[in-house]
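One structure is given here, and the rest of the page talks about it.
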Amino acid sequence: MVLLHMKRSDLEQFLYETTVEASVKDTVQELATIHNLRQKITRLKLEGEELAKYGPAKLPEKQGIDQYSETPVEKGPFYNMDPTGRRTGNACSPDVSKVLIKTLEEAVAVASKDQVTKKVNLTKKMLLDAVDNIRGAVMICYPMGLPEWDLVRQNLEDTEDLTGTSFAAEEMDPETSTLWFAGKQMLPDKQLKEYLGRHEKTKAVVKLQKKGQGAPSREPVVDQDTQKAMMSWYYKKQEEQKKLAEDEDDSYASAAWANSQSLKAHFSGVSAVRLPK
Numbered sequence: 086m087v088l089l090h091m092k093r094s095d096l097e098q099f100l101y102e103t104t105v106e107a108s109v110k111d112t113v114q115e116l117a118t119i120h121n122l123r124q125k126i127t128r129l130k131l132e133g134e135e136l137a138k139y140g141p142a143k144l145p146e147k148q149g150i151d152q153y154s155e156t157p158v159e160k161g162p163f164y165n166m167d168p169t170g171r172r173t174g175n176a177c178s179p180d181v182s183k184v185l186i187k188t189l190e191e192a193v194a195v196a197s198k199d200q201v202t203k204k205v206n207l208t209k210k211m212l213l214d215a216v217d218n219i220r221g222a223v224m225i226c227y228p229m230g231l232p233e234w235d236l237v238r239q240n241l242e243d244t245e246d247l248t249g250t251s252f253a254a255e256e257m258d259p260e261t262s263t264l265w266f267a268g269k270q271m272l273p274d275k276q277l278k279e280y281l282g283r284h285e286k287t288k289a290v291v292k293l294q295k296k297g298q299g300a301p302s303r304e305p306v307v308d309q310d311t312q313k314a315m316m317s318w319y320y321k322k323q324e325e326q327k328k329l330a331e332d333e334d335d336s337y338a339s340a341a342w343a344n345s346q347s348l349k350a351h352f353s354g355v356s357a358v359r360l361p362k
């Protein structure tokens, strides 16, 4: 199986396994779907933690910090005021909220870029299972359900509007996204083997781009850690050269090892002779 290292940035990267017989179009759809699921889990983590701490979201027109509210605030047994005023503060039981937070952390670990270092290939099923686990944990915390304007519910139901957010720029359309390898676009009506060769043990770094974005930036010759190590080594050598240039001490000339007659004196048996002063 050919191994594709999909990399949009140092943070946005994952491994995907397929075959050289697969079409570019199908591969783009799979890669874009996995990429979007990773983004989905990231958003769930951000809003899910807020949900666990401060409870369901308020109506947009009623958002505001509770301590400045002109109307009485309904406070449940585990009330915890939201400092941003976006949520009601009526959180679930601390024991149950720990389950939700743990489930969110496990989902993030599945989608993490660290999976590349661990050589774990991502699949759509792995990420969908992680999302389902979050859905189950949310239902345990709030069996009565979340209001339709809550971002966690909208995320789980695929109804969220990302317009105007930073996440909108990262969403990839599976139907129109383009795949690039070695600075060249891989045409959707071709097979992977026409670009990667017929060897199934091939590993290739590929990049997804939105339609019309053009070619992505090329990968650096050396990675960031190697570059830091090289800069550190060159800096150390430069400092050593400076010290040598500044060292004009010639006191070594009177040292025994610098005496050009020391060998002759040694064999003559007079090397230990000291003249009286």
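Be aware that the sequence shown starts at 86, since it is given in our numbering, and climbs by one per residue. Note that the Cβ used here is the ideal one computed from N, Cα and C, for glycine as well.
Residue i: first and last residue of the uninterrupted beta strand (DSSP E) it sits in
i	result
residue 263	263 to 266
residue 125	Counting along the chain, residue 125 falls outside any beta strand (DSSP E), though it belongs to the alpha helix (DSSP H) covering 109 to 139.
residue 100	98 to 103
residue 269	269 to 271
residue 92	87 to 92
Residue i, DSSP secondary structure in three states
i	result
residue 176	coil
residue 363	Any answer about residue 363 is impossible in this case: the structure gives the chain only from 86 up to 362.
residue 281	helix
residue 346	coil
residue 292	strand
residue 329	helix
residue 158	coil
residue 314	helix
residue 298	coil
residue 276	strand
Contact belief for residue i with residue j at Cβ below 8 Å, rounded distance in angstroms
i	j	result
residue 125	residue 216	7 Å
residue 173	residue 143	6 Å
residue 116	residue 91	5 Å
residue 98	residue 201	6 Å
residue 119	residue 198	In fact, because the Cβ distance is near 13 Å, the residues do not count as touching under 8 Å.
residue 107	residue 239	With 8 Å as the limit, residue 107 and residue 239 do not qualify as a contact, their Cβ atoms being about 33 Å apart.
residue 237	residue 133	6 Å
residue 289	residue 266	6 Å
residue 281	residue 105	6 Å
residue 188	residue 218	5 Å
Exercise for review: Return the chain-ordered ranges of every alpha helix (DSSP H) run that is complete within the segment 185 to 247 and spans a minimum of 4 residues.
Suggested key: You should have 199 to 202, 209 to 226 and 236 to 241.
Review point. Between the segment 287 to 299 and the segment 148 to 160, are three or more C-beta pairs nearer than 8 Å?
Key: Taking 8 Å as the limit for Cβ pairs, the verdict is that the segment 148 to 160 does not touch the segment 287 to 299.
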